[in-house]
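See structure below.
Chains as they are written, first to last, in this note's numbering: chain A, 1 to 243; chain B, 244 to 486.
So, in structure tokens, the structure goes:
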């Protein structure tokens with residue numbers, strides 16, 4: 001049975017509604033020098049820890065993108081020994097693939113990097129990552145959430161070489177951390193699932209950054225609803241029972 | 244005075260000539276689940292540890308790119324407590340900026356990400372990284388090595404949006420790990436320097452991958468010469484004395 005769940009979140013604005021809703025408290029002990037922040041507590045029968053990537057003090061912004069996500073996932077798994085990791089946050093979707101602003105997706109299929117283009121045989125496949133996720137089809141059906149392929153890069157934009165990798169993997173959700181979280185969970189043998197709320201439509205004529213900023217508050221509210229519902233559904237089940 | 248030097252290397256082919264030349268021995272103790280490999284020993288008056296990113300068992304290739312570099316740098320600094328980190332490896336250069344195949348560059352100026360394009364104010368600057376390096380102008384002059392701006396991405400290619408970031412930062416050396424190493428050394432307050440041997444010319448008509456494979460053995464040989472010379476010069480000096 002799932003006992004401890006670690007929720008890895010990049011931005012404070014994404015994490016705060018989750019922390020508030022679940023009534024989690026700050027926990028010290030992040031290794032010296034690292035910018036991450038932990039909140040934890042009991043949620044029903046679960047122990048839940050939320051880790052955020054912290055801020056860059058030079059620019060006052062959250063440590064988004066994949067390098068902080070990878071390192072945070074490692075040190076937080078080391079501390080919390082979770083039975084399941086959720087990589088939770090906001091993301092882009094495609095109207096042409098059925099996404100609406102505010103939709104929440106659970107990962108269906110592998111976590112893919114769409115910006116690691118290494119044109120040497122075997123390195124090309126390595127670059128795409130393809131780290132496995134939990135089969136959460138049953139969970140998604142119970143909560144009426146969508147499922148889709150989540151792909152990751154270090155950028156908010158989508159130039160053609162990245163777009164072609166997204167198309168090749170059937171991307172439904174485009175964000176900036178999940179595959180890095182997935183690399184570390186794969187290394188350490190911890191089951192992982194993405195929970196991503198759509199802030200912007202990649203195939204909409206409005207700039208991604210503009211949509212992101214306009215829809216962030218609404219999407220993070222939906223995200224906290226979904227994470228709360230996911231935790232409630234998970235409580236008392238095994239990972240295999242999420243399928 | 245510099246006592247311990249950690250050399251972070253992505254590929255076995257880059258690390259092996261250094262390990263052989265310095266007579267380093269394998270050292271156990273990499274945290275469970277992580278693919279990294281340590282070799283260490285005494286080199287003159289220095290303690291030197293070389294860490295490599297290990298391989299992806301699914302594809303049989305080295306764990307190149309930035310996520311392994313960040314995590315490896317963290318766990319290896321945690322183990323070795325170095326006074327100086329070298330991010331060493333092969334890289335691309337530009338004939339138009341004076342590079343030849345086989346040249347070895349030391350970092351001059353900040354370590355920059357050229358593939359984290361985040362078009363939101365403050366996040367854009369965060370994305371580029373710009374993590375400080377050691378001033379090694381004196382060291383470079385004594386060893387007749389070039390110095391230049393090193394920029395990093397997760398890809399071997401250079402599409403236009405990345406190229407424009409490289410131009411804006413005056414990139415001399417293009418590779419796949421240094422800025423991720425630099426993020427972690429900056430967080431932990433450890434001085435860092437890049438040592439990069441040129442395998443390919445970005446502005447040459449031959450494909451990067453083809454040049455890389457043709458020149459890898461020669462460039463890694465030059466890299467091991469340079470790392471050996473750098474360590475010999477560093478021995479008995481402080482970091483400030485490298486300027």
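In this text, a Cβ means the ideal position worked out from N, Cα and C, and glycines have one as well.
- Using a Cβ distance threshold of 7 Å, residue 306(B) and residue 274(B) do not count as a contacting pair.
- Under the three-state reduction of DSSP output, residue 205(A) falls in the coil class, being neither helix nor strand.
- Using a Cβ-Cβ cut-off of 7 Å, residue 352(B) does not count as an interface residue toward chain A, since no Cβ of chain A sits closer than that to its own.
- Around residue 326(B), no beta-carbon contact reaches into chain A at under 7 Å, the shortest distance being about 16 Å.
- Straight across, the Cα-Cα distance linking residue 119(A) with residue 255(B) is about 19 Å.
- If the five residues before and after residue 172(A) are omitted, its C-beta is found closer than 6 Å to the C-beta atoms of 97, 148 and 149, all from its own chain and listed in chain order.
- Think of a sphere of 7 Å around the beta carbon of residue 183(A): the chain B residues whose beta carbon falls inside it are 310, in chain order.
- Fewer than three Cβ pairs drawn from the region 125-136 of chain A and the region 65-78 of chain A lie within less than 8 Å of each other, which leaves the two stretches out of contact.
- Taking 4 residues as the shortest admissible run, the region 292-361 of chain B contains the following complete alpha helix (DSSP H) segments, listed from N- to C-terminal end: 309-323.
- About 7 Å separates the beta carbons of residue 152(A) and residue 112(A), which is inside the 8 Å limit, making them a contact pair.
- Take residue 117(A), set aside five residues on each side of it, and the residues of its chain with a beta-carbon closer than 6 Å to its own are 161, in chain order.
- A contact between stretches requires three or more CB pairs, one per stretch, nearer than 8 Å, and the region 245-264 of chain B meets this requirement with the region 461-479 of chain B.
- Within chain A, the residues placing a beta-carbon under 8 Å from that of residue 359(B) are 65, 154 and 155, ordered along the chain.
- The Cβ atoms of residue 248(B) and residue 327(B) sit closer than 7 Å to each other.
- In the assembly as shown, residue 456(B) is an exposed residue. Its beta-carbon has fewer than 16 other beta-carbons within 10 Å.
- Residue contact with chain A for residue 444(B): absent (no Cβ-Cβ distance below 7 Å to any residue of chain A).
- Secondary structure of residue 25(A) (DSSP, three-state): strand.
- Under the DSSP assignment, residue 367(B) falls in the alpha helix (DSSP H) whose first and last residues are 366-371.
- Closest option to residue 200(A), judged by alpha-carbon separation, among 45(A), 90(A), 42(A) and 27(A): 90(A).
- Within chain B, the residues whose beta carbon sits less than 9 Å from that of residue 120(A) are 304, 399, 452, 455 and 456, listed in sequence order.
- In the DSSP annotation of this structure, the continuous segment of the alpha helix (DSSP H) that includes residue 137(A) starts and ends at 137-143.
- For residue 33(A), the closest Cβ of chain B is nearer than 7 Å.
- Using a Cβ-Cβ cut-off of 9 Å, residue 161(A) is close to 398, 400 and 402 of chain B, given in chain order.
- Interface criterion not met: the Cβ of residue 143(A) is under 7 Å from no Cβ in chain B.
- Minimum Cα-Cα distance from residue 401(B) among the listed residues 450(B), 486(B) and 379(B) corresponds to 450(B).
- Scanning chain A for C-beta atoms nearer than 7 Å to the C-beta of residue 368(B) yields 59, reported in chain order.
- Between residue 411(B) and chain A, the shortest Cβ-Cβ separation is not below 7 Å.
- With a threshold of 7 Å between beta carbons, residue 137(A) makes no contact with chain B.
- Against chain B, a Cβ distance below 7 Å from residue 216(A) picks out nothing, because the smallest value is about 10 Å.
- With respect to the 7 Å criterion, residue 133(A) and residue 176(A) are not classified as neighbours on the basis of their beta carbons.
- For residue 459(B), DSSP records no beta bridge to any residue.
- Between residue 28(A) and chain B, the shortest Cβ-Cβ separation is not below 7 Å.
- Interface annotation, residue 70(A): in contact with chain B, CB-CB separation under 7 Å.
- Here DSSP, grouped into helix, strand and coil, assigns residue 376(B) to coil.
- Annotation for residue 43(A): 22 and 231 place their beta carbon closer than 7 Å to its own, counting only its chain and skipping 5 residues before and after.
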